[in-house]
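Colleague: What follows is a structure written as structure tokens; I'll ask about it next.
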Amino acid sequence: MAAYLAYELHLAGVGDNALLTHEDWQLFGLAREDVLEEIKRLSLKGLLIVQAAGDVIRISWKQPDMEALCDVLAQG
Numbered sequence: 009m010a011a012y013l014a015y016e017l018h019l020a021g022v023g024d025n026a027l028l029t030h031e032d033w034q035l036f037g038l039a040r041e042d043v044l045e046e047i048k049r050l051s052l053k054g055l056l057i058v059q060a061a062g063d064v065i066r067i068s069w070k071q072p073d074m075e076a077l078c079d080v081l082a083q084g
């Protein structure tokens with residue numbers, strides 16, 4: 009769920025810092041800190057690369073589109 013939503017927001021043009029506080033995360037009861045932890049978990053799974061320092065975050069997105077992400081997620 010977190011990977012799909014993160015990529016959806018990214019592909020919609022939401023910036024890396026704004027992504028953490030986007031209102032869609034609240035639908036799942038996630039605050040900024042929770043979202044950052046989810047993003048870090050995705051990084052550990054190799055779905056993206058995250059760099060965080062203080063209030064600044066930089067995400068390098070490994071998949072170019074949702075189809076590629078879904079293929080990676082389906083492969084496990």
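Just so you know, we're using the numbering used here here: the sequence shown kicks off at 9 and counts up by one.
All residues carry an ideal CB built from backbone N, CA and C; glycine is no exception.
Where residue 76 and residue 44 are concerned, what is the direct C-alpha to C-alpha distance, given to the nearest angstrom?
Modeller: Roughly 23 Å separates the two Cα atoms.
Colleague: Is DSSP giving residue 80 helix, strand or coil here?
Modeller: Residue 80: helix per DSSP, three-state reduction.
Colleague: What are the start and end residues of the alpha helix (DSSP H) that includes residue 43?
Modeller: Residue 43 -> alpha helix (DSSP H) spans 40-52.
Colleague: Quick one: what's got a C-beta closer than 7 Å to residue 30's C-beta in the same chain, skipping five residues either side?
Modeller: The answer, listed in chain order, is 17 and 22.
Colleague: Here's the rule I'm using: 16 or more other beta-carbon atoms within 10 Å means buried, otherwise exposed. How should residue 56 be labelled?
Modeller: Buried: at least 16 other Cβ atoms inside 10 Å.
Colleague: Straight-line CA distance for residue 67 to residue 37?
Modeller: Taking the straight line joining both Cα atoms gives about 22 Å.
Colleague: So residue 40 and residue 28 are supposed to be a Cβ contact under 8 Å. How far apart are they, rounded?
Modeller: That pair is a contact at about 5 Å.
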